[in-house]
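**Student:** Residue numbers are given in the working numbering: position 131 of the sequence shown equals residue 145, and the series is strictly consecutive.
For every residue, glycine included, the Cβ atom is placed at its ideal position computed from N, Cα and C.
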Amino acid sequence: MNHYQGHVKKILSDTYLWICLFFIAIYTIIFSIFAIEKHQAYHSGIDLAVYEHLFWSTINQGSFFTSTLEGVNTFGVHFSPILFALIPVYILHPATETLLVLQTLLLGGAALPLFSIARHCIDDKAGIIVASAYLMYPALHGVNLTDFHVVCFASLFFFSAFYFLKTENFRLFFLFVLLLACTREDLIPISVMICIYGAWQVKRSSKDYKSFLIIAGILAAWFLIVIGAIMPALIPDGSSAGGHIFQYQKMMEGFGHYQINRLTHAALLLAPILILPLFSPDILFIGLPGFLEIFLSPSPYYYSIEYQYSALIIPCLFIATVKTLSTIKNFDRHQISCLYKPILCCLLISGFICMFLFSPSPLRSGSFSKSYDPTITEHNLAMDEILASIPQDAAIGSQEDILPHISRRTNLYQGFNEKADYIIADNQTKFIDIFHNSANSLASWNMIYSKSGITVFKNPALHP
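1. Might you give, ordered along the chain, the residues of its own chain that have their beta carbon closer than 6 Å to the beta carbon of residue 62, omitting 5 neighbours on each side?
2. List the whole-angstrom C-beta distance separating residue 389 from residue 75, where the pair is believed to meet the contact cut-off of C-beta under 8 Å.
3. Going by DSSP, name the residue or residues bridged to residue 282.
4. Let me know the secondary structure DSSP gives residue 402 once reduced to three states.
5. Mind reading off the beta-carbon distance from residue 170 to residue 120? Whole number of angstroms is fine, and I expect it under 8 Å.
6. Contact defined as beta carbons within less than 8 Å: I believe residue 194 pairs with residue 175. What is the distance between those atoms, to the nearest angstrom?
7. Using alpha carbons as the reference points, say which of 200, 310, 362 lies closest to residue 91.
8. Please check if any C-beta of chain B sits within less than 8 Å of the C-beta of residue 428.
9. Taking the beta carbon of residue 463 as the centre, do at least 16 other beta carbons fall within 10 Å, making it buried, or is it exposed?
10. What residues are listed by DSSP as bridge partners for residue 437?
11. Does the separation of the CB atoms of residue 387 and residue 413 fall below 8 Å?
12. Between the stretch 337 to 344 and the stretch 280 to 299, do at least 3 Cβ pairs fall closer than 8 Å?
13. When you compare each of 401, 361, 332 to residue 420 by their alpha carbons, which one comes out closest?
14. When the Cα atoms are used, what is the spatial distance from residue 403 to residue 312?
15. If you draw a straight line from the C-alpha of residue 452 to the C-alpha of residue 326, how long is it?
16. Give me, in chain order, the residues of the same chain whose beta-carbon lies closer than 7 Å to that of residue 343; leave out the 5 immediate sequence neighbours on both sides.
17. Determine the extent of the alpha helix (DSSP H) in which residue 30 is found, giving its start and end residues.
18. Which residues in the same chain as residue 132 place their Cβ atom closer than 6 Å to its Cβ, once the five residues preceding and following it in sequence are excluded?
19. Between residue 410 and residue 426, is the Cβ-Cβ spacing less than 8 Å?
20. Under 8 Å between the Cβ atoms of residue 377 and residue 366?
21. Could you give the first and the last residue of the continuous alpha helix (DSSP H) run that contains residue 142?
22. Count the other CB atoms within 10 Å of the CB of residue 32; is the residue buried (16 or more) or exposed (fewer)?
23. If you draw a straight line from the alpha carbon of residue 460 to that of residue 438, how long is it in whole angstroms?
24. When DSSP builds the beta bridges, which residues end up paired with residue 428?
25. Between which residues of its own chain and residue 154 is the CB-CB distance below 7 Å, once the five residues before and five after are set aside?
26. May I ask you to list the residues that DSSP assigns as paired with residue 463?
27. Is residue 335 helix, strand or coil by DSSP?
28. When DSSP labels each residue in this structure, what does residue 110 get in the three-state scheme?
29. Thinking C-alpha only, which one of 125, 157, 138, 156 is nearest residue 146?
30. Taking the alpha-carbon positions, what's the residue 204 to residue 164 distance?
31. What do you get for residue 52, buried or exposed, if any count of 16 or more other CB atoms within 10 angstroms of its CB means buried?
32. Going by other Cβ atoms of all chains shown within 10 Å of its Cβ, with 16 needed for buried, is residue 151 buried or exposed?
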């Protein structure tokens, strides 16, 4: 039997690995269904429309990641070179569902390197339980079901980099650190922190740590170039789509507001994992840039598990959980305590309970209301028919829950825009407010449809 055959046989007989893969498959199937149902029930938002329009226009029009929805090149809003890797995937099946399923697969698939880290640092059972706790994590569900965002790569790249650091495969460690840095500009500082942590780890083992610091320095310089030169250069003067570089400048503004929201968010992040990360401050230090971005942000959306921003810190929280469990087990081994097995059981139970209490998904039950109703109504079906009747080459202005359903066309606009051929408004959603300031302008447009709260206006400049 050669080395390859022996490796394959080992994988096929690895029961714990197959259990982990089974859980990942279940998660991927369930949350792909949830994400698609949410979209079909018109609960998606502007970000899903933006990303699909970026892919569609780049492939079909050569517009190089520029969307009429944002009005600027998307690399000025978020610097995400990883988007190039998604183009071949979208070409294979150019549909909104492709992005939703891909995001679910990436988030769920990150449980595999996390499982590998936990079994390497602790044992097989810990690997399964930590991976399960991750897949049941309410904040992960919020990331998964909030449109589509490139931060869905963060956990996979972070966990993979950490695994290869622990197994001393430094080439692959640096590869995944660089991939993490290519995901989004606010993940570059976290990549720097991983390299600094890696330098500290290998120095303790009397190994050469200089390459880690060199890469950290290069990434730090790259971050300053990205936010100081590249992103501003891609944003026209006076544009309101300035991206997050302006948020970094205003990070402390509004810190006195929404304090309860911040505390609640922290509690919902830590409760499912029994506040175990707090006992590994060295790991939490890696995620410091992400924690600062979230908890110092003037936007209340950042401190809510129902949005995508938790993806910045979820990986760090789970690596810290593994580190704490490893420490507790070592205490048990030296007869200092007997807490490891009870805590491991409590982690599984806590994850299960918190999933049903707090998950921003249809899994949520009890006295807590669901974040959205996945039921496809007659109103949704009527909107589908109306959207299908609009010419494919027409420019459309609409609200953010409608735009993801028409994102594969040349020109899209959020709200009223005089360049649009048609304006579609649905007054049965909260997003109708976007048209209130445009009432006078719409008065001169031709109303060609008005029924069941759906109104379609046609630009008077178009021929009847």
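**Tutor:** Let's see:
1. As a first step, residue 62 is located in the sequence shown; it is residue number 48 there, counting from the start. By the criterion of a C-beta distance shorter than 6 Å, residue 62 is surrounded in its chain by 161, 162, 418, once the five residues flanking it on both sides are discounted.
2. Within the sequence shown, the letter at position 375 stands for residue 389. Within the sequence shown, the letter at position 61 stands for residue 75. 36 Å between Cβ atoms; not a contact.
3. As a working note, residue 282 is residue 268 in the sequence shown. None, per the DSSP bridge assignment.
4. In the sequence shown, the residue the question calls residue 402 occupies position 388. DSSP, reduced to helix, strand and coil, places residue 402 within a helical segment of the structure shown.
5. Position 156 of the sequence shown holds residue 170. Position 106 of the sequence shown holds residue 120. Correct: roughly 6 Å between the Cβ atoms.
6. The residue labelled residue 194 in the question sits at position 180 within the sequence shown. The residue labelled residue 175 in the question sits at position 161 within the sequence shown. So it is a contact: roughly 6 Å between Cβ atoms.
7. Numbered from its first residue, the sequence shown carries residue 91 at position 77. Nearest option by C-alpha distance: 200.
8. No chain B appears in this structure, which consists of one protein chain only.
9. Within the sequence shown, numbered from 1, the residue matching residue 463 stands at position 449. Looking at its Cβ environment, which holds fewer than 16 other Cβ atoms inside 10 Å, residue 463 is exposed.
10. Here residue 437 refers to the residue found at position 423 of the sequence shown. In the DSSP assignment, the residues bridged to residue 437 are 411, 471.
11. Position 373 of the sequence shown, counted from the first residue, corresponds to residue 387. Position 399 of the sequence shown, counted from the first residue, corresponds to residue 413. Not a contact, by the Cβ cut-off of 8 Å.
12. Counting C-beta pairs closer than 8 Å gives three or more between the stretch 337 to 344 and the stretch 280 to 299, which meets the contact rule.
13. Locating residue 420 in the sequence shown gives position 406, where the first residue counts as 1. Of the listed residues, the one whose Cα sits closest to residue 420 is 401.
14. Stepping through the sequence shown from its first residue, residue 403 is reached at position 389. Stepping through the sequence shown from its first residue, residue 312 is reached at position 298. Taking the straight line from one Cα to the other gives about 41 Å.
15. The residue you call residue 452 lines up with position 438 of the sequence shown. The residue you call residue 326 lines up with position 312 of the sequence shown. Taking the CA atoms as reference points, residue 452 sits about 37 Å from residue 326.
16. Position 329 of the sequence shown, counted from the start, is the residue given in the question as residue 343. 136, 354.
17. As a first step, residue 30 must be located in the sequence shown, where it is residue number 16. Note, residue 30: alpha helix (DSSP H), 29 to 54.
18. Within the sequence shown, residue 132 is the residue found at index 118, counting from 1. Around residue 132, the same chain offers 140, 141, 144, 336 as residues with beta carbons nearer than 6 Å, after the five sequence neighbours per side are excluded.
19. The sequence position of residue 410 within the sequence shown is 396, counting from 1. The sequence position of residue 426 within the sequence shown is 412, counting from 1. It is a contact, given that the beta carbons lie within the stated cut-off.
20. Counted from its first residue, the sequence shown places residue 377 at position 363. Counted from its first residue, the sequence shown places residue 366 at position 352. No. Outside cutoff.
21. For the purposes of this step, residue 142 is taken as residue 128 along the sequence shown, with counting starting at 1. Element bounds for residue 142: 138 to 149.
22. For the purposes of this step, residue 32 is identified with residue 18 of the sequence shown, where counting begins at 1. Around the beta carbon of residue 32, a 10 Å sphere encloses fewer than 16 other beta carbons of the protein chains shown; the residue is thus reported as exposed.
23. The residue given as residue 460 occupies position 446 in the sequence shown. The residue given as residue 438 occupies position 424 in the sequence shown. Cα-Cα distance, rounded: 12 Å.
24. By one-based count along the sequence shown, residue 428 stands at place 414. As computed with DSSP, residue 428 is found in a beta bridge with 412.
25. Position 140 of the sequence shown, counting from 1, holds the residue named residue 154. Annotation for residue 154: 121, 148, 328 place their beta carbon closer than 7 Å to its own, counting only its chain and skipping 5 residues before and after.
26. By 1-based counting over the sequence shown, the position of residue 463 is 449. Per DSSP, the beta-bridge partners of residue 463 are 470.
27. Mapped onto the sequence shown, residue 335 falls at position 321. In this structure, residue 335 counts as helix in the three-state DSSP scheme.
28. For the purposes of this step, residue 110 is identified with residue 96 of the sequence shown, where counting begins at 1. Helix.
29. As a working mapping, residue 146 is identified with position 132 in the sequence shown. The shortest CA-to-CA distance from residue 146 to any of 125, 157, 138, 156 is the one to 125.
30. Position 190 of the sequence shown, counted from the first residue, corresponds to residue 204. Position 150 of the sequence shown, counted from the first residue, corresponds to residue 164. Going by the C-alpha atoms only, they are around 15 Å apart.
31. Start at 1 with the first residue of the sequence shown, and residue 52 comes out as number 38. Buried.
32. Here residue 151 corresponds to residue number 137 of the sequence shown, with the count starting at 1. Per the 10 Å Cβ criterion, buried.
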